[in-house]
Amino acid sequence: MRDETIAMEHDHATENGHEHSVSGGDSISKLGAVAGINLVGFVAELAGGLLFGSVALLSDALHMLFDALAYVMAFAAAAVADRYDRSPEWSYGLHRLEPLAAFLNGALLIPMVIYIVYESYQRFLNPIDIGTGPTLAIAVAGLVINLVSVYVVQGGEMNLNERGAFYHLLGDAGGSVAVIVSVVAIDLTGLRVIDPVVAILIAGIVLWSAGKLLRGSGIIFLHKGPISGEEVETAVLRIDGVEAIEDLHTWQICSELTIATLHLRTAVETLAAADRIRREVHEALADIGVNHATIEFLHSEHDDRLDAHTH
């Protein structure tokens with residue numbers, strides 16, 4: 001018997017009434033503050049690395065720039081998305097700016113990493129003396145900046161972007177510690193090769209982070225489903241009246257806005273029963289991270305009573 005579509009629900013919010021907002025004023029303020037602090041640290045370490053000849057300090061400056069750019073782009077994307085509402089032409093607002101900013105950030109860092117590796121190789125071939133005293137002072141200042149940034153981000157309950165920033169800042173702090181240790185080791189042993197070795201290690205960490213950023217943003221752009229079909233089926237098929245899920249699609253607009261469309265095969269015969277299932281399905285999807293869902297009901301048996309209410 002032919003299928004009949006008996007109802008369609010296309011909400012721009014979950015059943016709990018949450019709109020398509022993925023950022024808040026406090027989060028934007030934190031990202032802006034951390035971005036500014038890290039840009040200051042980047043300039044200081046870049047100047048110190050160039051003036052005193054430390055490629056390890058230059059590499060740590062690159063690491064700090066990586067995170068500073070991430071925070072600047074995340075701050076700008078969140079501020080724009082938070083300021084401009086949805087419109088008929090931009091039905092999901094401007095939240096797509098987040099993965100675009102992340103992709104650009106990751107792509108721009110690759111040539112910088114190549115430059116650091118090249119400079120480190122040159123230092124292997126022709127080691128030079130570095131100003132250990134000033135380099136140590138700048139590295140300590142960089143560590144202080146990292147710790148201040150960690151303090152700014154970790155206050156209160158952290159959202160997804162803030163947790164990401166927190167872990168990046170811990171990595172930055174580790175880079176500063178590595179530079180400090182390398183400077184002390186050079187001063188004690190006279191082994192100038194330690195500087196380019198540490199530089200390459202830090203550059204490797206930055207390259208790994210950039211790769212993760214490119215992969216994560218690329219997955220969003222290529223519409224890989226963030227939630228498995230098995231997870232959706234487990235959540236939805238336990239609802240009384242749902243017989244099967246057909247034509248399921250999940251994707252993301254940004255890291256915090258997940259969309260789902262699905263057809264539900266049911267045996268309901270009244271709009272009241274369909275509405276009850278719709279509410280429960282929205283709640284189940286929200287529990288597994290879906291922010292917005294379009295649900296279409298399919299009914300195998302044509303029911304004139306229901307049909308009269310849905311046309």
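Here full-length UniProt numbering is used: the first residue of the sequence shown is 1, the next is one more, and so on.
Ideal Cβ positions, reconstructed from N, Cα and C, are used throughout, including at glycine.
Check your understanding: Where does L306 fall in DSSP's three states?
Key -> Since pLDDT at L306 reaches only 45, below the 50 mark, its modelled position is unreliable, and no value is offered.
Review point. Are the CB atoms of R265 and E231 nearer to each other than 8 Å?
Key: no
**Study point:** Contact between the stretch 227 to 241 and the stretch 121 to 138 (3+ Cβ pairs under 8 Å)
**Key:** no
Check your understanding: How would you label F124, buried or exposed, when you count the other beta carbons within 10 angstroms and need 16 or more for buried?
Key -> exposed
Review point. Any idea what DSSP makes of H299, helix, strand or coil?
Key: strand
**Study point:** Closest Cα partner of A286 within the set L188, V268, L222 and E256
**Key:** E256
Review point. Does the beta-carbon of L222 have 16 or more other beta-carbons within 10 angstroms, so that it is buried, or is it exposed?
Key: exposed
Review point. Should K212 be labelled buried (16 or more other beta-carbon atoms within 10 Å of its own) or exposed?
Key: exposed
Exercise for review: Specify the secondary structure class of G269 as computed by DSSP and reduced to three states.
Suggested key: In the sequence on display, residue 269 carries Glu and not Gly. Coil, per DSSP.
**Study point:** Buried/exposed call for R238, threshold 16 Cβ in 10 Å
**Key:** exposed
Practice item. For F101, collect the residues of the same chain with a Cβ closer than 6 Å to its Cβ; drop the 5 residues on either side in sequence, then sort them by chain order. Key: According to the sequence provided, residue 101 is Ala. The question's Phe does not apply to it. The residues are M73 and A77.
Check your understanding: Is W208 helix, strand or coil when you go by DSSP?
Key -> W208: helix per DSSP, three-state reduction.
Point to revise | Nonlocal neighbours in the same chain, by C-beta distance under 6 Å from G175, ignoring five residues either side | key: D60, H63 and I202
**Study point:** For L248, the first and last residue of its enclosing beta strand (DSSP E)
**Key:** V242 to C254
Exercise for review: Could you tell me how far apart the beta carbons of residue 320 and A173 are, in whole angstroms, since I believe they sit closer than 8 Å?
Suggested key: There is no way to answer for residue 320, as the model of the chain reaches only from 1 to 311.
Practice item. Could you please give the first and the last residue of the uninterrupted alpha helix (DSSP H) stretch that includes P226? Key: Neither: P226 is in no alpha helix (DSSP H) and is coded neither H nor E.
Check your understanding: Below 8 Å between beta carbons: does that hold for V183 and A141?
Key -> no
Review point. How about T258 and I227: do their beta carbons lie closer than 8 Å?
Key: yes
Review point. Are G229 and I277 close, meaning C-beta to C-beta below 8 Å?
Key: no
Check your understanding: From L69, F75, V144 and V193, pick the residue whose C-alpha is nearest to that of A107; which is it?
Key -> L69
Review point. Just the Cα atoms here: how many angstroms apart are S217 and Q252?
Key: 10 Å
Review point. Would DSSP call I288 helix, strand or coil?
Key: coil
Practice item. Kindly indicate which three-state DSSP category I130 falls into: helix, strand or coil? Key: The three-state secondary structure of I130, taken from DSSP, is coil.
Exercise for review: Report the rounded CA-to-CA distance for V34 versus Q154, giving the unit in angstroms.
Suggested key: Taking the straight line from one Cα to the other gives about 11 Å.
Check your understanding: What three-state label does DSSP hand L191 in the structure shown?
Key -> coil
**Study point:** Per-residue burial, H302 [other beta carbons within 10 Å of its own, 16 or more giving buried]
**Key:** Since pLDDT at H302 reaches only 49, below the 50 mark, its modelled position is unreliable, and the value read off the structure follows with that caveat. Exposed, because fewer than 16 other Cβ atoms sit within 10 Å of the Cβ of H302.
Exercise for review: Could you have a look at I239 and say whether DSSP puts it in helix, strand or coil?
Suggested key: Of the three classes helix, strand and coil, the one that applies to I239 here is coil, per DSSP.
Check your understanding: Assuming F66 contacts L109 under a Cβ cut-off of 8 Å, what Cβ separation, rounded to an integer in Å, is found between them?
Key -> Their Cβ separation, rounded to whole angstroms, is 5 Å, which keeps F66 and L109 in contact under 8 Å.
Exercise for review: Would you tell me roughly how many angstroms separate the C-alpha atoms of G36 and L188, rounded to the nearest one?
Suggested key: Roughly 35 Å between the two C-alpha positions.
Check your understanding: Shortest alpha-carbon distance to H282 belongs to which of L271, E269 and E296?
Key -> Considering only L271, E269 and E296, the residue with the shortest C-alpha distance to H282 is E296.
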